[in-house]
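Protein sequences, first through last, are from chains L and X.
The first sequence maps to residues 1 to 100 in this note's numbering.
The second sequence maps to residues 1001 to 1595 in this note's numbering.
Ideal Cβ positions, reconstructed from N, Cα and C, are used throughout, including at glycine.
Comments concern the structure below.
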Amino acid sequence: MSEEVSVSDTLPGLSRELTIQNRLGLHARASATLVRVATQFKAEITLSRDDQSVNAKSILGMMTLAAAQGTRVRVTCVGADEAAALEAVAACINNKFGED
Amino acid sequence: MNLVGSITLKGIAASPGIAIGRAYLIDRRRVAPPKRHITPHEVEAEVARFDEAVRESERQLREVKLKLGAAGTEHIQILEAHELMLHDPMLVDGARQMVRDQLINAEWALKKTTKSVRELFSHIQDEYFRERRADVDYVADRVLRNLMGTSQTAVTEIGPGSVLIAHDLSPSDTALLQQTPVLGLALDVGGMTSHTAIVARNHKLPAVIGLEHVSDVIGSGDIVIVDGSAGLVLVNPALEDLQRYQQQAMRYSVGRAALDAHAQEPATTLDGVHVRVAGNIELHDETGFVLDSGAEGIGLYRTEFLYMNRDALPDEEEQYRHYREVVERCGPLGATLRTLDIGGDKLVSHVKLPKEANPAMGLRALRLCLRESGLFRPQLRALLRASVHGELRIMVPFVSGLAEVRAVKRLLAECHAELLAEGVALPRLPALGIMVELPSAAAIADILAREVDFFAIGTNDLIQYALAIDRANEHVGYLYHPLHPALLRMLQFILRSGAEAGIRVSMCGEMAGDPFYTAILLGLGLREFSMNAVSVPVVKQVIRSLDVSACEALLAEAMMLPDASDIEHLVSERLGPMLGTRISREVFDPMSHRP
């Protein structure tokens, strides 16, 4: 869907832009699902929207993004297992958190 | 605080009956944490104490989850989100860090961290996400109480003989309510359609809600009377009040039990006329309770409640599932589903509409649906699909003339053709009826009766629009008279028009569920009533106690009288002798809103 890019030549990590597709957006249940995926990895995982960035391992952080259906978010993973983490988080978002 | 003197509070009567017991206060709000500075060598012990409180909180949440069992996946999901919050870096790591950096005790650090997390939420535009700060509070409060060694007041710990007092109940409290021996409940917040009110009614727990300050003025152990029929809460009542209520409660429960024992029996008058008494529901999961109360099917399913208090409109699939469940449960008794009856003002988050100066006469209900076909079509499609599974009748509200009926028929035919083209098997179109609730519709009832399959008289709106009275307006409320001669003439014309066209006519407003009006309505020729579940056994018993010919004589006399107050007086006078001793006053009176 989106091209995978290195955050920059100097900064480590991988990042990808994704769209929240499930009907209710990143509400409590969807956030909980995503946190469970994110906490399986060592990498630091960040979700960004406009100028706001939150820790994907924080359910509260994710809910403060208030990302409704259709919101574009950028996922950034930094750490030893960053590639696997990015795949897992992207799959979770693209599968609509198992909802709908 | 405990009050010495007695006090009476007025709220919303959410679930009828009387509960007398000791107050059990669930105080989730006011935990004042001790604040103190600590020395650097106390830090590790303080962090350890904090971690222990978090672990304890986790254990408690798991326990609540276990107790809930299969009581509701929705509640379990909320609890699971709360469990994750107990590990949340923003909240938990934030509080630990604050203990270290600012050298303050754990309670203080948690309070400060919670406050900053709440701030983040309060800036969010979207109401759903903004209100998640309540979840932050629930979680932080639990940890705080564990830190302070204050016992968690879980609903399950309540002993028998208690009346539950709270500002609000959390979803887990409400779910657990079903398994506790509480006698009744009184809350600061809530409306008639809140989840707590519905659960209370379904479990026959007397409840008064919307009391605003009840959790401030009542302390645990106070003696409390909850009068869920009148919407009153008496705190530390005087001895004579207590004795009066004890007798009343006993007579009520005896009378009520006698009625409930006969709830499933048909409502047939002394002279052998069968009357159909159906139930009103707002949410699909009320169906079972309403049928258990003796309702013969659902006479009014107010579908708009599925659209309220949520982030997005329910789609066709979700509606179909709800509607299907209701019609399947009703079986041959059938269910009448009313399409969206909602004002533009209530849908602002989903449908952008201009502000109106007079929404009561504005773009609402059917008018809104006919304009916003994106709103209406999914509902009609869901209704058509659900109609395959049982006796489903479609009813449209707020009809003012023939053109609207024809527009609905066209749309319905289009949706039907669409579904057939998609391969959905729809052997027949369900019955289509209208609410007769506007004076214009009442005046042309003979014309409309030839166009539809049934009428349902909506008395709440019909009275309000015919008399130009807003009942909630204290200045003109005294003019609200269901027995106004103008209304009786309208009702008579509607019922006659229905009979001449050979269509069914029911009534589903409050008047239908009020036993004071049953005799007059039978006299008018009404043979189908629909009402809230608690009224069903009462009205059924009143019907069984009456003689149609006597009701017709009463009506004939009433129609000769020139003024509403004369008619009310006549009915008050005659009703007692007509009913005899076949229904107890203790049950009849709280249900009757006689003028």
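Separation of residue j from residue i, as counted between CA atoms
i, j, result
"L1084(X)", "A30(L)", "12 Å"
"A1263(X)", "L60(L)", "49 Å"
"A1166(X)", "R1142(X)", "16 Å"
"L1313(X)", "F1305(X)", "11 Å"
"R1544(X)", "C1551(X)", "12 Å"
"Q69(L)", "N95(L)", "13 Å"
"S1506(X)", "V1054(X)", "57 Å"
"P1439(X)", "D1461(X)", "9 Å"
"R1329(X)", "L1291(X)", "9 Å"
"D1088(X)", "K57(L)", "7 Å"
"A1564(X)", "L1061(X)", "58 Å"
"S1122(X)", "A1081(X)", "19 Å"
"R1201(X)", "T19(L)", "43 Å"
"R1364(X)", "G1228(X)", "32 Å"
"A1014(X)", "R1096(X)", "44 Å"
"D1168(X)", "V1199(X)", "14 Å"
"A1441(X)", "L1429(X)", "24 Å"
"V75(L)", "W1108(X)", "34 Å"
"A43(L)", "R1100(X)", "26 Å"
"L1064(X)", "S1057(X)", "A small fix is needed here, since residue 1064(X) is Val in this sequence, not Leu. Cα-Cα distance, rounded: 11 Å."
"L1488(X)", "S1584(X)", "28 Å"
"E1286(X)", "L1375(X)", "24 Å"
"F1129(X)", "D1188(X)", "23 Å"
Assigned secondary structure, residue i (DSSP; H/G/I helix, E/B strand, else coil)
i, result
"A1200(X)", "helix"
"I1567(X)", "helix"
"V1399(X)", "coil"
"G1343(X)", "strand"
"V16(L)", "The sequence as given places Arg at residue 16(L); Val does not occur at that position. Looking at R16(L) - three-state DSSP - the assignment turns out to be strand."
"E44(L)", "strand"
"Y1480(X)", "coil"
"I1184(X)", "Here the sequence assigns Gly to residue 1184(X), which means Ile is not the residue at that position. G1184(X): strand per DSSP, three-state reduction."
"K1010(X)", "strand"
"D1227(X)", "strand"
"H1274(X)", "strand"
"V1424(X)", "coil"
"Q1264(X)", "coil"
"N55(L)", "strand"
"L1546(X)", "coil"
"S1122(X)", "helix"
"H1416(X)", "helix"
"T71(L)", "coil"
"S1440(X)", "helix"
Burial state of residue i, where buried means 16 or more other Cβ atoms lie within 10 Å
i, result
"D51(L)", "exposed"
"G98(L)", "exposed"
"M1560(X)", "exposed"
"A1257(X)", "exposed"
"P1537(X)", "buried"
"M1490(X)", "buried"
"H1475(X)", "exposed"
"V1424(X)", "exposed"
"N1105(X)", "buried"
"E1119(X)", "exposed"
"M1001(X)", "In this prediction, M1001(X) has a pLDDT of 36, which is less than 50 and means its spatial position is unreliable; nothing more can be read from the coordinates."
"S1116(X)", "exposed"
"L1366(X)", "buried"
"L1239(X)", "exposed"
"K1204(X)", "buried"
"M1090(X)", "buried"
"M1435(X)", "buried"
"Q1247(X)", "exposed"
Contact check, residue i vs residue j, beta carbons under 8 Å
i, j, result
"V1217(X)", "A1019(X)", "no"
"V1548(X)", "V1277(X)", "no"
"V1224(X)", "A1207(X)", "no"
"C77(L)", "L14(L)", "yes"
"L1232(X)", "T1008(X)", "yes"
"A66(L)", "I1124(X)", "yes"
"F1493(X)", "A1445(X)", "yes"
"V1388(X)", "L1340(X)", "no"
"K1540(X)", "A1261(X)", "no"
CB contact check: residue i to chain C, cutoff 8 Å
i, result
"E1080(X)", "Of the protein chains in this structure, namely L and X, none is chain C."
Determine contact between the stretch 1241-1259 of chain X and the stretch 1567-1577 of chain X, defined as no fewer than three beta-carbon pairs at a distance below 8 Å. no
Below 8 Å, how does it come out for the stretch 1529-1541 of chain X and the stretch 1470-1489 of chain X: are there three or more Cβ pairs, yes or no? By the Cβ criterion, the stretch 1529-1541 of chain X is not in contact with the stretch 1470-1489 of chain X, since fewer than three pairs of Cβ atoms, one from each stretch, lie closer than 8 Å.
Does the pairing of the stretch 1413-1423 of chain X with the stretch 1365-1384 of chain X give three or more beta-carbon distances under 8 Å? As far as the Cβ criterion goes, the stretch 1413-1423 of chain X touches the stretch 1365-1384 of chain X, which means the pair count is three or higher.
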